[in-house]
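Residue numbers (the numbering used here): 3 to 74.
A virtual CB, placed ideally from N, CA and C, is assigned to each residue, including glycine.
Given the structure is predicted, the values throughout are model-derived calculations rather than measurements.
Have a look at the structure below, then the notes.
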Amino acid sequence: MDFVDSSGLGELVRTHASVRSHGGQLKIVNPSKHVHDLLKMTKLDRVLDIEQDEASALNSFSGDQASAQIAG
Numbered sequence: 003m004d005f006v007d008s009s010g011l012g013e014l015v016r017t018h019a020s021v022r023s024h025g026g027q028l029k030i031v032n033p034s035k036h037v038h039d040l041l042k043m044t045k046l047d048r049v050l051d052i053e054q055d056e057a058s059a060l061n062s063f064s065g066d067q068a069s070a071q072i073a074g
């Protein structure tokens, strides 16, 4: 992501909630410094999963699925 405004932030939050309610996960991959700073200022970095790169994001899904399989 290179840019996001208040409408975009609202959509991210709505999408995150919708995806989670269906058992999924939303990952933000490699946001620009501006977007990352904005997510920090709004404290959305505590709600949304932010990953450095695609490989990290994909690996984080594997870890979550393994944890869920162990717990289930």
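- Under the DSSP assignment, residue 6 falls outside any alpha helix (DSSP H); it carries neither an H nor an E label.
- DSSP places residue 45 outside both helix and strand once states are collapsed to three, so it counts as coil.
- Pairing residue 31 with residue 53 gives a Cβ-Cβ distance under 7 Å.
- Using a Cβ distance threshold of 7 Å, residue 29 and residue 57 do not count as a contacting pair.
- Closest by C-alpha distance to residue 45, out of 11, 3, 4, is 11.
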